[in-house]
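Colleague: Quick one: this structure, given as structure tokens, is what I'll be asking you about.
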Amino acid sequence: MPKRSKDTQTTNLILMTEWYSKDNLRHIWKYVKSEIRDDFIVDVINYEDIKLNLEQVLSSLYTSIRDNQYYPAPLVRIGVPKNDHSVRPGAVISVIDLIVLYALIQQIAPIIDPFLSDSAYAYRLNPKADKPREPLFKDRSEVHSDKGQKKQKENAQEEEETAVEGGFPSNWFENWKAFHDASKLASQKYDHVAVTDITAYFENISLGLLREKLKEKLNSDEHFELIDRLFRLLEFWDWTPSGNHPRGIGLPQGNDVSSFLSNLYLMALDKEMLSIVSGDTSKYGRYVDDIKLFTSNQDEARQALVRLEEVLRELNMKAIIKTVINMTKEIPISINSCF
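Following my numbering, the numbering of the sequence shown begins with 516 at its first residue and continues without gaps.
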């Protein structure tokens with residue numbers, strides 16, 4: 516773990532007030548606007564009302580957090596259509612709660628992101644996040660690419676502040692394309708690829724295990740308090756609409772914060788898979804819950820998927836698609852019988 520300087524330790528002492536200061540909440544608002552652009556459902560009226568009365572809203576939010584009077588709103592749960600005609604559970608978080616969620620993760624993400632593997636392509640901390648119109652998270656290729664930055668600027672020139680009701684362009688496709696392009700390049704070098712997808716990924720993330728993983732990386736009381744506040748939100752949203760006891764599993768699906776936290780959750784999997792390929796990131800890549808591992812022969816690929824299944828089981832997860840593809844013949848070889 517990177518050594519923490521005296522300046523960092525001093526900064527920790529004021530974390531508990533700075534994260535929800537009006538100045539910081541105002542800064543967080545730009546991240547929330549970026550998040551709302553990709554939301555499943557956009558509450559245009561509420562968004563415009565908050566935007567027109569932003570200072571009053573942020574002042575009220577600051578006071579409610581300071582006085583321990585802040586209470587989150589329930590999630591709006593919806594079914595989101597998938598390409599195979601099934602649906603996945605989506606969640607829409609209120610604008611005010613998104614501000615709080617981003618204010619908390621803003622303090623945590625800079626410490627967590629350096630621990631993540633370069634093989635995790637999506638939802639990485641954006642080092643230029645302090646600049647206007649830059650989101651808090653980006654995919655790995657954009658973080659290290661001037662071309663990605665140029666494209667972001669070009670898109671920003673075309674977007675207007677009031678365009679939420681018309682819909683904003685999402686960058687998920689560019690993120691996925693980077694993962695796809697890396698896979699395409701690897702397919703030219705290796706004979707076989709193991710392909711897998713994780714069943715109900717976000718729904719099965721253990722909140723208790725995720726909290727433990729965060730606390731392993733953050734070793735100060737100030738950060739522990741931030742983690743506790745974060746999990747008050749996540750555990751509140753875990754309650755079912757019928758009022759049943761929370762299950763202790765599941766992140767709200769459809770926001771960048773959950774996607775970033777899910778990277779941390781799979782850090783052990785990334786580490787194990789990279790050890791199988793001797794740390795070669797050109798042979799292993801993961802985009803959220805889609806995984807590809809390139810090998811020189813079929814047996815290697817089979818063994819990798821067996822180990823992947825073992826690690827996922829320890830994380831309360833299961834792979835739904837397990838296939839080895841012979842790249843020289845482009846023949847998919849199902850290996851479900853191996854499990």
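Beta carbons are placed, not taken as given, at the ideal position from N, Cα and C, and that holds for glycine.
Report the option in L576, H707, T578 whose CA atom is closest to the CA atom of V839.
Modeller: Along the sequence shown, one-based indexing puts residue 839 at 324. Ranking the options by Cα distance to V839, first place goes to H707.
Colleague: Need the endpoints of the alpha helix (DSSP H) that A637 sits in, please.
Modeller: The residue labelled residue 637 in the question sits at position 122 within the sequence shown. Premise fails: A637 is in no alpha helix (DSSP H) and is neither H nor E.
Colleague: Using the Cα positions of I713 and A588, report the straight-line distance between them to the nearest angstrom.
Modeller: Numbered from 1 along the sequence shown, position 198 holds the residue referred to as residue 713. Numbered from 1 along the sequence shown, position 73 holds the residue referred to as residue 588. Whole-angstrom Cα-Cα distance: 29 Å.
Colleague: Under the rule that 16 or more other beta-carbon atoms within 10 Å means buried, what is E731, buried or exposed?
Modeller: If you number the sequence shown from 1, residue 731 lands on position 216. The residue in question, E731, is exposed, as its Cβ has fewer than 16 Cβ neighbours within 10 Å.
Colleague: Going by beta carbon distance, what residues of the same chain come within less than 8 Å of L613, once the five residues before and after it are set aside?
Modeller: Within the sequence shown, the letter at position 98 stands for residue 613. For L613, where only same-chain residues beyond five positions count, the Cβ hits under 8 Å are V547, E550, I551, N770.
Colleague: Reducing DSSP to helix, strand and coil, say where E533 ends up.
Modeller: Your numbering for residue 533 matches position 18 in the sequence shown. Residue state, collapsed to three classes: helix.
Colleague: Between which residues of its own chain and E533 is the CB-CB distance below 7 Å, once the five residues before and five after are set aside?
Modeller: By 1-based counting over the sequence shown, the position of residue 533 is 18. N539.
Colleague: DSSP state of F652, grouped into three classes?
Modeller: Indexing the sequence shown from 1 puts residue 652 at position 137. If DSSP states are grouped into helix, strand and coil, F652 belongs with the strands.
Colleague: Counting Cβ pairs, one atom from each stretch, are 3 or more of them under 8 Å apart for the segment 588–608 and the segment 625–632?
Modeller: no
Colleague: Assuming I565 and Q621 form a contact by the criterion Cβ under 8 Å, report the distance between their Cβ atoms to the nearest whole angstrom.
Modeller: Here residue 565 corresponds to residue number 50 of the sequence shown, with the count starting at 1. Here residue 621 corresponds to residue number 106 of the sequence shown, with the count starting at 1. Their Cβ separation, rounded to whole angstroms, is 19 Å, which puts I565 and Q621 out of contact at 8 Å.
Colleague: Less than 7 Å between the C-beta atoms of S634 and R828, yes or no?
Modeller: In the sequence shown, residue 634 corresponds to position 119, counting from 1. In the sequence shown, residue 828 corresponds to position 313, counting from 1. Cβ atoms of S634 and R828: not closer than 7 Å.
Colleague: Where do the ends of the alpha helix (DSSP H) carrying T578 lie?
Modeller: Walking along the sequence shown from the start, residue 578 turns up at place 63. Note, T578: alpha helix (DSSP H), 569–581.
Colleague: Please tell me whether Y562 and K537 are closer than 7 Å, where the distance is taken between their beta carbons.
Modeller: The sequence position of residue 562 within the sequence shown is 47, counting from 1. The sequence position of residue 537 within the sequence shown is 22, counting from 1. Contact flag unset, no.
Colleague: Is the distance from the Cβ of A624 to the Cβ of L640 below 7 Å?
Modeller: In the sequence shown, the residue the question calls residue 624 occupies position 109. In the sequence shown, the residue the question calls residue 640 occupies position 125. Closer than 7 Å, so yes.
Colleague: So, does the segment 807–821 touch the segment 718–735, judging by three or more C-beta pairs under 8 Å?
Modeller: no
Colleague: Who are L808's beta bridge partners in DSSP?
Modeller: For this step, residue 808 is matched to residue 293 along the sequence shown. Partner(s): A709, Y799.
Colleague: Let me know the secondary structure DSSP gives G769 once reduced to three states.
Modeller: Taking the first residue of the sequence shown as 1, we reach residue 769 at position 254. Coil.
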